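Taking it in order: structure first as structure tokens, then the write-up.
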Amino acid sequence: MTSPPPFTGKTPLVVTAQNKHTHTATLIFSHGLGDTADGWLDFAKDLWPQFPHLKWILTNAHDVFLALDHGDTSSFETSRCHLGEIKSRNAPPQDEDSQGMLQSVETIKQLIEIEVANGIDPGRILVGGFSQGSVLSILTTVTSTRPLAGTLALSGYLALTYENHINTLATDVGRNIPMLMAHGDQDAVIAKRHWIL
């Protein structure tokens with residue numbers, strides 16, 4: 001077993017598998033705008049008994065100043081938030097913080113590599129998220145070089161679609177990872193036109 005690479009992100013919350021000897025799968029889950037990993041801890045704890053082999057890694061976004069939230073400091077993975085202002089499915093580059101999103105994707109990929117280094121098969125690692133975390137989980141999936149088990153994307157959309165940019169980032173492996181996308185039709189943050197097929 002190789003040593004895990006150093007982790008450079010904000011420390012996530014970890015809910016260990018019920019028995020470390022039966023830990024055979026991991027879910028890396030990212031929260032939405034203004035939330036933290038703590039906001040999803042009850043979700044993990046509620047499902048924990050049903051998945052005794054599953055380790056939960058709940059990521060924490062860095063605190064960033066957001067003008068859209070009246071100057072409040074909030075937990076957000078990128079340096080700008082335009083989720084509520086997207087003009088079209090193919091938002092122009094200035095409306096998406098592609099650099100910030102891709103840095104956050106690399107943080108999630110670091111967690112994946114740590115799990116692999118600790119003996120978890122990539123085919124037993126899931127990524128998921130809610131809202132902004134969903135966007136990041138989808139980007140992590142489509143750009144993955146590891147054949148992950150799948151993706152749980154709640155209330156998100158595929159970002160970086162402007163000028164077909166996502167196609168330059170997507171991998172053959174990532175295009176074939178199973179993905180469950182779920183979205184409520186009453187979402188006031190991400191309009192239906194951005195996620196409906």
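Using the UniProt record's numbering, you'd call the opening residue of the sequence shown number 1 and step up by one each time. All C-beta atoms in this analysis are idealised placements derived from N, C-alpha and C, irrespective of residue type, glycine included. All figures in this text were calculated on a predicted structure; none of them were measured in a lab.
Residues near residue i by beta carbon distance below 7 Å, same chain, minus five either side
{"i": "T143", "result": "V105, L169, A170, T171 and G174"}
{"i": "A37", "result": "P12, L13, H31, L58, T59 and N60"}
{"i": "L47", "result": "none"}
Where residue i sits in the DSSP three-state scheme
{"i": "residue 199", "result": "In the structure displayed, the chain extends from 1 to 197; residue 199 sits before or after that span and is not available."}
{"i": "A149", "result": "coil"}
{"i": "residue 202", "result": "This structure cannot settle anything about residue 202, because the visible part of the chain is limited to 1 through 197."}
{"i": "A44", "result": "helix"}
{"i": "T143", "result": "coil"}
{"i": "G129", "result": "strand"}
{"i": "T59", "result": "strand"}
{"i": "L154", "result": "strand"}
{"i": "A170", "result": "coil"}
{"i": "A182", "result": "strand"}
{"i": "L160", "result": "coil"}
{"i": "I177", "result": "coil"}
Backbone CA spacing between residue i and residue j [nearest angstrom]
{"i": "N60", "j": "D35", "result": "9 Å"}
{"i": "R80", "j": "P12", "result": "In this prediction, R80 scores a pLDDT of 36, lower than 50, which makes its location untrustworthy; the coordinate-derived value is nonetheless stated afterwards. Taking the straight line from one Cα to the other gives about 22 Å."}
{"i": "A44", "j": "Q110", "result": "21 Å"}
{"i": "D187", "j": "L180", "result": "18 Å"}
{"i": "T145", "j": "E115", "result": "15 Å"}
{"i": "I125", "j": "Q99", "result": "25 Å"}
{"i": "P49", "j": "E163", "result": "45 Å"}
{"i": "N167", "j": "L33", "result": "26 Å"}
{"i": "W40", "j": "G184", "result": "18 Å"}
{"i": "H165", "j": "D42", "result": "36 Å"}
{"i": "Q132", "j": "F29", "result": "11 Å"}
Member of the options whose CA lies at the smallest distance from the CA of residue i
{"i": "M101", "options": "P49, D42, Y157 and Q18", "result": "Y157"}
{"i": "P52", "options": "W40, T16 and F29", "result": "T16"}
{"i": "A159", "options": "D185, P49, N176 and D97", "result": "D97"}
{"i": "Q18", "options": "N167, K10 and L54", "result": "L54"}
{"i": "L148", "options": "N176, D42 and F29", "result": "N176"}
Cutoff 6 Å; reference residue i; Cβ partners in own chain excluding five residues on either side
{"i": "L154", "result": "F130, S134 and A182"}
{"i": "P178", "result": "G150"}
{"i": "W56", "result": "V15, L27 and A44"}
{"i": "L152", "result": "G128 and L180"}
Near the ligand MN: residue i beta-carbon under 7 Å from a heavy atom
{"i": "L54", "result": "As far as ligands go, the structure on display features none, and thus does not contain the ligand MN."}
Validate contact between the segment 124-140 and the segment 96-105 using beta carbons, cut 8 Å, 3 pairs: These segments touch.
Contact the segment 121-135 vs the segment 10-22: 3+ CB pairs below 8 Å: No, the segment 121-135 is not in contact with the segment 10-22.
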